[in-house]
Amino acid sequence: IKSWQVCLNKIISCGKRRKDTSTSVGVQVQIPGCQVLEFPPNLPLSSIKHSSIFFSHFQVISAVSRLSFHSIAQTKGIRPFPSEETTENDDDVYRSLEELADEHDLGEDIYDCVPCEDEGDDIYEDIIRVEVQQPMKMGMTEDDKRNCCLLEIQETEAKYYKTLEDIEKNYMNPLRLVLTPQDMEAIFINLEDLIKVHFNFLRAIDVSMMSGGSSLAKVFLEFKERLLIYGKYCSHMEYAQNTLNHLLANREDVRQKVEECTLKVQDGKFKLQDLLVVPMQRVLKYHLLLKELLSHSSDRPEKQQLKEALEAMQDLAMYINEVKRDKETLKKISEFQSSIENLQVKLEEFGRPKIDGELKVRSIVNHTKQDRYLFLFDKVVIVCKRKGYNYELKEIIELLFHKMTDDPMNNKDIKKWSYGFYLIHLQGKQGFQFFCKTEEMKRKWMEQFEMAMSNIKPEKANANHHSFQMYTFEKTTNCKACRMFLRGTFYQGYLCPKCGAGAHKECLEIIPPCKIGSSPGPKMVAVQNYHGNPAPPGKPVLTFQIGDVIELLRGDPDSPWWEGRLLQTKKSGYFPSSSVKPCPVDARPPNSRPPSREIDYAAYPWFAGNMERQQTDNLLKSHVSGTYLIRERPAEAERFAISIKFNEEVKHIKVVEKDNWIHITEAKKFESLLVGFCSPWSGHTIPASHAEDGRDSRVPLHPSQELVEYYQSHSLKESFKQLDTTLKYPYKSRERSTSRTFTRSPGKTQLSRMSRRH
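If you're matching positions, the sequence shown starts at 1 in UniProt numbering and goes up one per residue.
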């Protein structure tokens, strides 16, 4: 015969061995009139081809093969083997899994949905199999093969839709009599929505087939967005199965009702647990069906549209897989959350967990090694102390403001816990040293730190004048560059707050230029001389004197280094962000200078520019309470408004500008958002119209903080009784730690610890 594979196929067809039977189990095959063939356990399949010990066995099979073509065998209904359809490229079966994986349909994307023998796959094949479908035969034209593919898509979709209807009719409707609405939703998730979508999907496929199927690709493209509901279904499948199993085990009435329902569906051949898996199997097969159709449509005018449809279904499958993965990740994060004492902030705000474990930690200031348990996320590393099965929070270290460096000196020490690395603050504040038990452990931790820092500070975050930040998109969003979905349920990708573009990390460099960023940058004035010391790491230096005006080209609010252009010389380079401040247009005296409008606020992390109220609500909803921004309202009488997230709501406060002063309440007057005057007993004065009693023509004021800084340390309840919060987190920085209070402006970062226990 041509190869042992045909023999194995014959064994499978005889029902003696299932496809998924482990090779660790011996197999015996009894063929009438022949000796028993025995396949020993743990037999590497690739060794069969060249193993001489099997020659005699295969000689028997060869003889049986010849006999199967005899007329006597034919009259008894024995199917001869090998069949004509046996491929000549039999060596494929000896290739390694790695080789096969390299040829996988969806390329190298790490989120690809790999077709495999998943749980429920055999059930899907049994239910959806189309009996009338004939295998493609040699001699068929490409049009014949294409028509077979089209017919398979249409008929399997019809069979699938009927399965959904069977579940609704024979399970959902009867079980409503014994199950609560909550249990019904837990078990069947959004299956009713799937039925509605597939009613229209099947109808669109049928209409396309009436005209020869040339518009089938368009149908898949049009339904891509509507099929996103599978993300919810697939991600809740495990919980649905667990809920159903729990009810069957603990409620006799439910068990009896389910058994009664099962008998009505294909004579009880499939359990409800089996049927619930079918939708997940179906949606992950669309790209395979389209790939086969495309392979037989090389000379068709709709070929390009078929390619787009294939990419769309691949994208959908990867999106669903990532939603499912995020569901599992959030479950893991929830377990971490419940195990850490004194933790008030939601851990999911810090991104995805990277690694956790025991390390020794030493503060560069303290110099004392302490046993700590670390949880590393994309944005922070959480330092805890073990307390039995739980953990006590000690420190939240934000990676955005740190860099990691190796400590090669300690690696020479052969003692345990001597393999170290540093986490150093970018502005010279307190740093940390971590010690690992082994060199391998150190390598793993450093790799995960590098990955986390790369996620929060991508190398191409500022490409093409953008300012991309890792972001959670409330609605499903497409990447501005590749047009594919930003996958998952949280921190799916990156957002440029200036232009609103969303992108995958790998697409940041190819996003079209930021239209807002391409306009002239904000003007800054030098507040100290800078001659290149310290020097920016690996960047050209821009030197200047006090009073020089610099156009800001690139300025991350959280970075110690900014890029700018000196207006006098047009020279560009990098300089310390602490050496400049926003530049006023003129230098008139405070009591005659128009407030706010003369100052460029674009460099500040709380300034959002021109933004509508609804857009602000959508932006702040995903932030923690206390996150705020200040936006322009050019069409309104009051130019500025403060918007702040407080107790799950977004509040908006108008900033009133009148007689060269600004305020949110008459009790506190400020010269501008940046330079404020709010207390009496000073030589500075304000007009009588702003005096609280309205009697005196002049009321003295005491120079104090700017409006923003004042309300960063004073509660807004001074003006609004129901708004008991300070301005905590500028929306561009998205600070999260509840054990710290941040005040942030370009060039300075103040961190005050409210409580610290060791």
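Glycine is no exception: its CB is placed at the ideal position from the N, C-alpha and C atoms.
Since the structure is predicted, the reported quantities are computational estimates derived from the model, not experimental observations.
Please report the Cβ distance between residue i and residue j, rounded to the nearest whole angstrom; I am assuming they are in contact, meaning their Cβ atoms lie under 8 Å.
| i | j | result |
| --- | --- | --- |
| E358 | D371 | 7 Å |
| C261 | L175 | 7 Å |
| L330 | M313 | At roughly 26 Å, the Cβ-Cβ gap does not stay under 8 Å, so L330 and M313 are not in contact. |
| M404 | M441 | With a Cβ gap of about 15 Å, M404 and M441 do not count as contacting. |
| N462 | D378 | No, N462 and D378 are not in contact; Cβ-Cβ is about 19 Å, not under 8 Å. |
| I128 | Y160 | 6 Å |
| I195 | E168 | 6 Å |
| Y422 | E439 | Y422 to E439, Cβ: 16 Å. No contact. |
| V381 | I397 | 5 Å |
| K307 | L294 | 7 Å |
Tell me which residues share the same chain as residue i and place their Cβ nearer than 6 Å to its Cβ, disregarding the 5 neighbours each side in the sequence.
| i | result |
| --- | --- |
| E142 | H296 |
| D556 | none |
| L150 | G213 |
| P512 | none |
| W417 | K360, F435 and K437 |
| R386 | Y373 |
| E563 | L553, R554 and Y574 |
| K327 | S235 |
| P353 | F377 |
| N342 | L393 |
| P44 | At P44 the pLDDT is 42, less than 50, meaning the model places this residue with poor confidence; the figure from the coordinates comes in the next sentence. Correct list: empty, nothing qualifies. |
| S715 | D724 and T726 |
Helix or strand or just coil, what does DSSP make of residue i?
| i | result |
| --- | --- |
| F199 | helix |
| P181 | helix |
| L227 | helix |
| K669 | strand |
| Q430 | coil |
| D122 | helix |
| Y731 | coil |
| D299 | coil |
| R372 | strand |
| H246 | helix |
| V207 | helix |
| F377 | strand |
| I511 | coil |
| G532 | coil |
| K360 | strand |
| C384 | strand |
| S235 | helix |
| Y389 | coil |
| K645 | strand |
| E311 | helix |
| V580 | strand |
| K324 | helix |
| F607 | strand |
| I61 | helix |
What residues in its chain sit with their C-beta under 8 Å from that of residue i, if we drop five residues either side in the sequence?
| i | result |
| --- | --- |
| V655 | S596, I630, E638, R639, F640, A641, I642, I662, H663, I664, L673 and L707 |
| E225 | T476 |
| C479 | F485, L486, G493, G502, A503, H504 and C507 |
| T616 | A608, L629, R631, S643, V650 and H652 |
| R384 | With the sequence shown as reference, residue 384 is identified as Cys, and Arg is not the correct amino acid for it. Cβ within range, chain order: I340, R372, Y373, L374, F375, Y391, E392, L393 and K394. |
| E165 | I195 |
| G538 | none |
Span of the alpha helix (DSSP H) holding residue i?
| i | result |
| --- | --- |
| D548 | It is not in any alpha helix (DSSP H) - D548 carries neither H nor E in the DSSP assignment. |
| V258 | E252 to T262 |
| I167 | E142 to I167 |
| D724 | Unbroken run through D724: none, as it is neither H nor E. |
| Y171 | Y171 -> no alpha helix (DSSP H), and no H or E assigned at all. |
| S713 | L707 to S713 |
| G613 | The question names Gly, but residue 613 in the sequence shown is Arg. From DSSP, the alpha helix (DSSP H) with R613 extends over R613 to L620. |
| L272 | L272 to V283 |
Once you ignore the five residues that flank residue i on each side, which residues in its own chain have a CB closer than 7 Å to its CB?
| i | result |
| --- | --- |
| D315 | M484 and F485 |
| L247 | D183 and V254 |
Which residue marks the beginning of the beta strand (DSSP E) containing residue i, and which one marks its end?
| i | result |
| --- | --- |
| A526 | K523 to A526 |
| D406 | H402 to D407 |
| Y419 | Y419 to H425 |
| V650 | E649 to K658 |
| R565 | W561 to L566 |
| P576 | S572 to P576 |
| T627 | T627 to E632 |
Answer with yes or no whether the minimum CB distance from residue i to chain D is below 9 Å.
| i | result |
| --- | --- |
| E225 | Here chain D cannot be found, since the structure has a single protein chain. |
Enumerate, from N- to C-terminal direction, the unbroken alpha helix (DSSP H) stretches of 4 or more residues contained entirely within the region 434-504. Within the region 434-504, complete alpha helix (DSSP H) segments of at least 4 residues are found at 439-456, given in chain order.
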